[in-house]
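Trainee: Once you've had a glance at the structure underneath, I'll fire off some questions.
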């Protein structure tokens, strides 16, 4: 990743996490977008901190988070778009950080 390499070139190590946030509005319309968190190792957020922060930010914009997934690896944002929205989906290790179980039940049984 270019940003990571830039910081490392000046002696600042940076850790990047690649996330896909699935969210919906109060009408039931669903959206998703890739995100990255970029932090120095000593400030690295754990999974719960990341989930809490993202849920708070999305809620402030009037949406509800349905799920958050993380893809493992070093990617640029355009690569993340293709991983989560295109032909590269499923080609890289992923893990779920958060699933709104009640929302999933509603989707399974509308």
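Numbering (our numbering), first residue to last: 2 to 111.
Every residue gets a Cβ at the ideal spot worked out from N, C-alpha and C, and that includes glycine.
#1: Work out the CA separation of residue 44 and residue 24 for me, nearest whole Å.
#2: Can you have a look at residue 99 and say buried or exposed, based on whether 16 or more other CB atoms are within 10 angstroms of its CB?
#3: Start and end of the alpha helix (DSSP H) containing residue 1?
#4: According to DSSP, residue 141 sits in a beta bridge with which residue or residues?
#5: At a cut-off of 6 Å, would you count residue 11 as near the ligand FMN, judging by its Cβ distance to the nearest heavy atom?
#6: Which ranges does the beta strand (DSSP E) cover as unbroken runs of at least 3 residues, wholly within the region 62-88, from first to last along the chain?
#7: Is it true that the CB of residue 67 sits closer than 7 Å to the CB of residue 101?
#8: Going by beta carbon distance, what residues of the same chain come within less than 8 Å of residue 54, once the five residues before and after it are set aside?
#9: For a quick check, are the C-beta atoms of residue 97 and residue 70 less than 7 Å apart?
#10: How would you call residue 51, buried or exposed, if buried means at least 16 neighbouring beta carbons within 10 angstroms?
Mentor: For this structure:
#1: The sequence position of residue 24 within the chain shown is 23, counting from 1. The sequence position of residue 44 within the chain shown is 43, counting from 1. Their backbone Cα atoms lie some 26 Å apart in a straight line.
#2: For the purposes of this step, residue 99 is taken as residue 98 along the chain shown, with counting starting at 1. Here residue 99 is buried, its C-beta having at least 16 other C-beta atoms within 10 Å.
#3: Here the chain covers residues 2 to 111 and nothing more, so residue 1 does not appear.
#4: Residue 141 is absent from the structure shown; the chain starts at 2 and stops at 111.
#5: The ligand FMN is not part of the structure shown, which contains no ligands of any sort.
#6: List check, beta strand (DSSP E) in window: 65-72.
#7: The residue given as residue 101 occupies position 100 in the chain shown. The residue given as residue 67 occupies position 66 in the chain shown. A contact, by the Cβ cut-off of 7 Å.
#8: As a first step, residue 54 is located in the chain shown; it is residue number 53 there, counting from the start. Within the same chain, Cβ atoms closer than 8 Å to the Cβ of residue 54 are found at 46, the five residues on either side in sequence being excluded.
#9: Position 96 of the chain shown, counted from the start, is the residue given in the question as residue 97. Position 69 of the chain shown, counted from the start, is the residue given in the question as residue 70. Taking 7 Å as the cut-off, the Cβ atoms of residue 97 and residue 70 count as close.
#10: Position 50 of the chain shown, counted from the start, is the residue given in the question as residue 51. Residue environment: residue 51 is assigned as buried (16 or more neighbouring CB atoms within 10 Å of its CB, all protein chains considered).
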